[in-house]
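Notes follow the structure.
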Amino acid sequence: MARFNPHPLSAALLALVSGAVYANNAEPTTTHQLSTIVVSAAGYEQDIRNAPASISVVTKEDIEKKNATSIADLLSDVPGIDIRDGIGKTSGLNIKMRGLDNEYSLILIDGRRQTTSIDVTPNGFGESANGFLPPLASIERIEVIRGPMATRYGSEAMGGVINIITKKISDEWNGNVTVNGNVMEHGGEADSWKTSLVVNGPIIQDKLGVQLRGSYLDRQKSERVPGTSGRDPRPSEADIYDVGGKLSFKLNDQNSFWIDGFHSNQTYKNDDSRLGTQDWTTVPRGATELGATGYKDKLEFKRDQIALGHDGDYSFGQWTSYVSQTQTETVGRTIPHNTFPENASAGQDRTLKNTDLVADSHVVLPIADHKLTVGAEYKEAKIADDIAGFGSTFKKDSFSVYAEDEWRILENLGFTLGGRYEDHSGFGGQFSPRAYLVWNANDNLTLKGGVSTGYKAPSAKDLHNGIISITGQGTSFNVGSPNLKPEESTNYELGFNYNNGNLDLTTTAFFNKIKNLITDGPELLNCSSATNPNQPGCVSYGSHITQNSFNQKINADEAETKGIELSLKYSIIPEWDIKAAYTYMESEITKGKNKGSYLSNVPKNAFNMTSTWHINDAFDLWLQHEYKSDRKRYDTEQTTGDAAIIYNATNNKLKGYNLFNLGASYSVNDQLRFNGSVNNLLDKDFSSNGSYIDAQGNPASYYDYMQISSSMSGTYLSGRNYWLSISYDF
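Going by mature numbering (1 follows the signal peptide of the UniProt record, and there is no 0), the letters in the sequence shown line up with residues -23 to -1, 1 to 707, in that order.
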């Protein structure tokens, strides 16, 4: 396929800049900063300064200026969040919040749970969940809470909460169509094109409204990074789409009902086996079962959700309820050799499907100086995975009650106290309290601090007494344990916000203590092993004669994360403002066999700043700088083989970096807008490498910014590339 020439996009960006300079130069006007309203911290609207949590807001203006294909892309400049460590097999980014990995952050859309078990995307595909994103034009803002929020949201909200707030259905018909393209300067990297459409309005005025939305992303295939043959950070060819709709009905001034549904599909090509060795590529089909390695020529990740809800606005308070069912499925995996159950065969399609049912209802009761929230939630999760036995399904359910009270002790002093109790079918009861104090010292200064708790429940598969997963291209078996307990965290934080309308500065220090971390336990001997059968203490999980042992998980480790988060917005002059964020973070496992290792490979220092020049009312020009300090290459000291040589040659470091992006936005009128950027402006090469002599005496190389083995750590970003977006409101 012929390459696209990036120069037309360069010319378009230049024309955009020059055209705006000669556009109508209306006098810039000073804007007065309005209060930011959030809903995620307490479940009802409140000024962000009074919210009992560390919270950041990504605005619709921020979103429109980002070249985003996943939720992670939208959070790149939020303090306390790292999206640059590792890339999943589909080239998606993981979200690490305060040093906790992707699966410890709860994702919501309009308060509804989206996070599902990573068991449905095993072996390096967990980041695909971050790609289930509604069209950007349908998003009003994103609220990000850093730190555990189990009291309000339950399991998975251990690292924090990401709540995507969508736009409400309008009482007048309107819509938006957006088209954008991302073109790489260098050959071998993947160009992409995306289109989205949102339409909403009334069917019956003031009674019945509808919203329809959809998006489609076409990404081309990239060539492999030189020197890789298996795991590769560059993306494969992909087609990603999302379609959905919402219907709302206003019964009267007190009662409104709604129904929302969507279907999302991500398809990735695997013709070169970069997602996993394709079946029958190593041996002819049928010659031997060893040719079944677990992957087809393409993989699909699907999600379907339907939700019903009621919003009540009564004299005694606000009552909100919803029930949702979310089904997530992976298609394109097969039964690998040596792992199939007796009623299946190697290479047969492998079912991987997760179904989540959630019902939540809560009421907010204003009582004198108190705002009391009382609610209940029921969750049921089912996962089907043929690896554990053909047709096997795992199930868990839980019922929770929660209550939280915001007490205005004084007009400028608020105290929040709450707790949640969950009765879980797998491990019994779990109680999660939190307490938070907010003091508005004056009109500009707010002090905050509190203690909050979180937990992450083991999945239904984790609690199964039998084989639950495989790794190593079908060569290593993992078994579950009914004795696993939830992972738990306690977070202490203290911070302040100063806002005088010109300067908005927030600083937070946090310390997070984690216990009962689920980690690898001692291997279990296999009674059916062909070489060493029936050893003392052995276990039997079917006739897997090639396995000498099984891997298991146990609760063993404890860990700590601590750091400082700083965010700043400053209007230097009406025409020029800056937005910056800085994070200092450390993480360490403090107990267990991994004591002394990092919990998460985050950089100690991370900084980003965006400087925006408002040339006139129509045109903005901005420059963004992103800095990450170095990371660890290996989590423990390496003493043998090539790993030891690389460990010493690099001082066990993955290089830090400085990255610059240049962008512009231009509003032709109230309806038509252009956004564009030159990403990786200085064309930093994240595939650069160093040389060494391997253990066999041969020349070899390592990557400066990433470490690739069965997984990938570190950072990979494309070379200089050009993004242009055209958005039209109608």
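Glycine included, C-beta positions come from ideal geometry on N, C-alpha and C.
C-alpha distance - residue i paired with residue j, whole-angstrom precision
i, j, result
"VAL579", "GLY76", "6 Å"
"SER105", "THR92", "11 Å"
"GLU277", "ASN79", "20 Å"
"ASP168", "SER199", "8 Å"
"LYS556", "SER375", "42 Å"
"SER526", "THR332", "31 Å"
"LEU294", "ASN232", "Before going on, a small fix: residue 294 reads as Gly here, not Leu. In a straight line, the C-alpha of GLY294 is about 12 Å away from that of ASN232."
"ASN652", "SER702", "5 Å"
"LEU110", "ILE48", "6 Å"
"TYR682", "GLY88", "37 Å"
"TYR699", "ASN656", "6 Å"
"GLY63", "VAL202", "15 Å"
"VAL156", "GLU464", "43 Å"
"GLN255", "LEU267", "12 Å"
"TYR705", "ASN417", "41 Å"
"LYS632", "ASP607", "5 Å"
"VAL428", "TYR413", "6 Å"
"SER436", "LEU576", "20 Å"
"LYS359", "GLN302", "11 Å"
"THR627", "ASP647", "53 Å"
"GLY271", "LEU501", "24 Å"
"residue 728", "ILE566", "This structure cannot speak to residue 728, because the chain is shown only from -23 to 707."
"SER686", "ASP209", "9 Å"
"ASN468", "GLU537", "10 Å"
"ASN442", "TYR518", "9 Å"
"VAL175", "GLY221", "10 Å"
"ASP660", "GLY368", "50 Å"
"GLY324", "ASN635", "46 Å"
Close Cβ partners of residue i (< 8 Å) along its chain, the five nearest in sequence each way excluded
i, result
"ASP50", "LYS43, ASN44, ILE60, LEU70"
"ASP671", "ASP619, ILE622, ALA677"
"GLY396", "THR128, TYR379, ALA380, GLU381, PHE408, SER409, PRO410, ARG411"
"ILE116", "LYS37, ILE40, ILE141, ILE142, THR143, LYS144"
"HIS(-17)", "Only weak support is given to the placement of HIS(-17): the predicted model assigns it a pLDDT of 44, under 50, and the question is left unresolved by the model."
"THR7", "Here THR7 scores only 40 on pLDDT, less than 50, and its place in the model should not be relied on; the value that follows carries that caveat. Only PRO551 meet the Cβ criterion."
Sequence-distant residues of its chain with Cβ nearer than 6 Å to residue i (five each side left out)
i, result
"LYS425", "VAL415, GLY472"
"ALA336", "VAL300, TYR355"
"TYR680", "ASN666"
"HIS602", "MET586, PHE637"
"LYS66", "GLY101, PHE102, LEU252"
"ASN1", "Its pLDDT being 40, under 50, ASN1 is placed unreliably by the model, and nothing is read from it."
"ALA30", "ALA18, ILE122"
Contact check, residue i vs residue j, beta carbons under 8 Å
i, j, result
"ILE14", "ASP24", "yes"
"THR244", "LYS275", "yes"
"LYS184", "ASN242", "no"
"GLY137", "ARG123", "yes"
"LYS539", "PHE487", "yes"
"LEU83", "GLU133", "yes"
"SER466", "PRO125", "yes"
"VAL341", "TYR21", "yes"
"SER213", "GLY178", "no"
"ASN159", "ALA114", "no"
"LEU194", "LYS171", "yes"
"GLU399", "GLY391", "no"
"LEU461", "ILE495", "yes"
"ILE72", "ILE58", "yes"
Whole-number beta carbon distance between residue j and residue i, since they are thought to touch under 8 Å
i, j, result
"ASN532", "TYR475", "In fact, because the Cβ distance is near 42 Å, the residues do not count as touching under 8 Å."
"ILE312", "ASP363", "6 Å"
"ILE283", "GLY238", "4 Å"
"SER192", "ASP216", "Not quite, the Cβ-Cβ distance comes to about 12 Å (not below 8 Å), so this is no contact."
Three-state secondary structure assigned by DSSP to residue i
i, result
"GLU149", "coil"
"residue 711", "As shown, the chain starts at -23 and ends at 707. That puts residue 711 outside it, with no answer to give."
"ASP607", "coil"
"GLY165", "coil"
"ASP681", "coil"
"GLY103", "helix"
"ARG397", "strand"
"ASN625", "helix"
"TYR21", "coil"
"GLY324", "coil"
Same chain, Cβ closer than 7 Å to residue i, neighbours up to 5 away in sequence not counted
i, result
"SER402", "LYS373, ASP374, SER375"
"LEU639", "LEU600, SER654, VAL655, LEU658"
"ASP346", "TRP384, ARG385"
"LEU224", "VAL187, TRP235, ILE236"
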